[in-house]
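Those letters in the sequence shown? Residues 635 to 796, by this note's numbering. Idealized CB from N, CA, C, for every residue including glycine. Beneath this line is the structure, given in structure tokens, with notes to follow.
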Amino acid sequence: MIQHAVGHMSALARTTPSTFIFLGGDGCHHCGSLRPSKHLPLPDEVSPSPFSVPPHARGSICPGSLLEAIHPKNSRTEPYYGELSEAQGRDVPKAESTIDKMIGFDANEDVFVVPAHDKSLVGIIDFFPKSANGWKEKGWKETSRWRFLEDFKEAAAKTEAA
635 MIQHAVGHMS
645 ALARTTPSTF
655 IFLGGDGCHH
665 CGSLRPSKHL
675 PLPDEVSPSP
685 FSVPPHARGS
695 ICPGSLLEAI
705 HPKNSRTEPY
715 YGELSEAQGR
725 DVPKAESTID
735 KMIGFDANED
745 VFVVPAHDKS
755 LVGIIDFFPK
765 SANGWKEKGW
775 KETSRWRFLE
785 DFKEAAAKTE
795 AA
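Dropping the structure here:
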């Protein structure tokens, strides 16, 4: 798949006979480009809450209505980051096609999508030299799925205060 620069690559790695990790490279720079989607809509609530103090505190809950309210299109089925802007060397139609394909992988419960710069995975996944083959049994996909929303805590605070 095309990345944001010529020569960047992504890969689909088999981790068990029925599971895969999609190493997304620079196909997108934030999981808000992938989620929510028509395949993976915002849930009625996210727990633990990305906006709790501390973030993701055990037992905390964030209502889906708040997540929808801070969405640029107030949508439960479109990614937070939608349209790409023109930039030097960027082929917008190809880049958008790549993101659409990544959304398809992301919707598959047997594929764990890992963009290159996804800081929300820190503290969840094991890093080299440990194996990632057991990602599904360890719950990495479910645990990390909505963690990127922490980046929107200021918008959530403004919305709650209004």
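Quiz prompt | Cβ-based burial, S800 [other Cβ within 10 Å; buried from 16] | solution = Residue 800 lies beyond the residue range present for the chain, which begins at 635 and ends at 796; the question has no answer from this structure.
Practice problem: Determine which residues share a DSSP beta bridge with P675 and list them. | Solution: As a working note, residue 675 is residue 41 in the sequence shown. Bridge pairing for P675: absent [DSSP].
Quiz prompt | A791, enclosing alpha helix (DSSP H) - first and last residue | solution = In the sequence shown, the residue the question calls residue 791 occupies position 157. 787-795 is the span of the alpha helix (DSSP H), which, as asked, contains A791.
Quiz item: Looking at P682 and R692, is the spacing between their C-beta atoms short of 8 Å?
Solution: Within the sequence shown, residue 692 is the residue found at index 58, counting from 1. Within the sequence shown, residue 682 is the residue found at index 48, counting from 1. By the CB criterion at 8 Å, R692 and P682 fall inside the cutoff.
Quiz item: For H673, which residues of its own chain have a beta-carbon under 6 Å away from its beta-carbon, when the five flanking residues on both sides are left out?
Solution: Taking the sequence shown and counting its residues from 1, one reaches residue 673 at position 39. The residues A741, in chain order, have a CB closer than 6 Å to that of H673 in the same chain once the five nearest residues on each side in sequence are set aside.
Quiz prompt | Collapsed DSSP secondary structure at V747 in the structure displayed | solution = For the purposes of this step, residue 747 is identified with residue 113 of the sequence shown, where counting begins at 1. Looking at V747 - three-state DSSP - the assignment turns out to be strand.
Quiz prompt | Cut-off 8 Å between Cβ atoms - residues of its own chain near A791, not counting five sequence neighbours on either side | solution = As a working note, residue 791 is residue 157 in the sequence shown. Excluding sequence neighbours, A791 sits near F685.
Quiz item: Should V756 go down as buried or exposed, given a rule of 16 or more other Cβ atoms within 10 Å for buried?
Solution: Against the sequence shown, residue 756 aligns to sequence position 122. Result: exposed.
Quiz item: For K662, which of helix, strand or coil comes out of DSSP?
Solution: On the sequence shown, position 28 is the one that residue 662 refers to. Going by the sequence as given, residue 662 is Cys instead of Lys. In the structure shown, C662 sits in coil (DSSP, three-state: anything other than H, G, I, E or B).
Practice problem: Would you identify the three-state DSSP class for I737, choosing helix, strand or coil? | Solution: In the sequence shown, residue 737 corresponds to position 103, counting from 1. In the structure shown, the three-state DSSP call for I737 is helix.
Quiz prompt | Buried versus exposed call for K775 [16 or more other C-beta atoms within 10 Å across all chains shown] | solution = Position 141 of the sequence shown holds residue 775. Within a 10 Å sphere around the beta-carbon of K775 sit 16 or more other beta-carbons, which makes this residue buried.
Quiz item: So, are the CB atoms of A750 and I655 less than 8 Å apart?
Solution: As a working note, residue 750 is residue 116 in the sequence shown. As a working note, residue 655 is residue 21 in the sequence shown. No, these two residues do not count as a Cβ contact at 8 Å.
Quiz item: Under a three-way DSSP split, which group does P706 fall into?
Solution: As a working note, residue 706 is residue 72 in the sequence shown. The answer is coil: DSSP assigns P706 none of H, G, I, E or B.
Self-check item: Proximity winner among C696, G768, F739, relative to G661 (alpha-carbon distances)
Solution: Numbered from its first residue, the sequence shown carries residue 661 at position 27. The option with the nearest alpha carbon to G661 is F739.
Quiz prompt | Bridge-paired residues (DSSP) for R648 | solution = Against the sequence shown, residue 648 aligns to sequence position 14. Partner residues in the beta bridge of R648, as assigned by DSSP, are F654.
Quiz item: Whose C-alpha, out of D734, A796, T793, is nearest the C-alpha of R669?
Solution: Position 35 of the sequence shown, counting from 1, holds the residue named residue 669. Nearest option by C-alpha distance: D734.
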